[in-house]
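When the letters of the sequence shown are read in order and numbered with UniProt numbering, they come out as residues 1 to 158.
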Amino acid sequence: MVGDKLKSSSDMRSLSILEKVLDPPKKMFSSSNDRDIALSHVERDKTVSLIKAWEINEKTKADNKAIKKLSDIASWENSKKGMVEGKLRNVEVVTQKRNAEYAEKKRNAISAIQKIADEKRAHVEAQRKKELLHVEETAAKHRATGTVPKKSTCGCLG
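Structural data, given as structure tokens:
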């Protein structure tokens, strides 16, 4: 009998646990007022849930709109920068070309000046040699005849 009591009490515990798992406790409303309060809580929770979903949706739309605008701005900025940088490269190319042409003209001018200076130096050297030859010939003639030249180039002889 003692064994029967132990067996029956353990059976009772397992039955009560089984009932708790299978049948969750149900609230019994004692009055219609309690039922109305519970329905209003359910309705309020539903409304709060809808408002929260709407809020999340609107925030997501605002974020997506801002992201799209920022993307458009970045695209516009990159496009404008690209155009300006392209123009800058073109200006740099034109400037380099002009500088190269200008430098070439100046090198040609320097070369022409050097050529003219060389020609003038050659002419002066030819004149000097011609005059020296004339002086040597005149001096040789005076030596041969024993005469003194009539005029001096430095003005000190007479």
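All C-beta atoms in this analysis are idealised placements derived from N, C-alpha and C, irrespective of residue type, glycine included.
Val135 and His142 closer than 8 Å at C-beta: Position 135 of the sequence shown, counted from the start, is the residue given in the question as residue 135. Position 142 of the sequence shown, counted from the start, is the residue given in the question as residue 142. Not in contact: Val135 and His142 (Cβ atoms no closer than 8 Å).
Secondary structure of residue 210, DSSP reduced to three states: Residue numbering for the chain in the displayed model covers 1 to 158; residue 210 lies beyond these limits and cannot be assessed.
Backbone secondary structure at Pro25 - three-state DSSP: Against the sequence shown, residue 25 aligns to sequence position 25. Low local confidence applies: a pLDDT of 49 at Pro25 is under 50, so the model's placement there is unreliable, with the coordinate-based value given in what follows. Coil at Pro25, not helix or strand.
Local conformation of Gly86 per DSSP, three classes: Translated into positions along the sequence shown, residue 86 becomes position 86. Three-state DSSP puts Gly86 in a helix.
Through-space distance from Asn57 to Pro25, alpha-carbon basis: Here residue 25 corresponds to residue number 25 of the sequence shown, with the count starting at 1. Here residue 57 corresponds to residue number 57 of the sequence shown, with the count starting at 1. With a pLDDT of 49 at Pro25, under the threshold of 50, the predicted position of this residue should be treated as unreliable, though the coordinate-derived value follows. One C-alpha to the other measures close to 36 Å.
Collapsed DSSP secondary structure at Ser31 in the structure displayed: Taking the first residue of the sequence shown as 1, we reach residue 31 at position 31. Here Ser31 sits in coil by DSSP.
Contacts around Asp34, its chain only, beta-carbon distance under 7 Å, and the 5 residues preceding and following it disregarded: Along the sequence shown, read from residue 1 onward, the residue named residue 34 stands at position 34. Same-chain partners within the cutoff: there are none.
Thr95 versus Arg89 - alpha carbon distance: As a first step, residue 95 is located in the sequence shown; it is residue number 95 there, counting from the start. As a first step, residue 89 is located in the sequence shown; it is residue number 89 there, counting from the start. Taking the straight line from one Cα to the other gives about 10 Å.
Asp72 Cβ short of 7 Å to the ligand HEM heavy atom set: With respect to small molecules bound, the structure shown includes none, and the ligand HEM cannot be examined in it.
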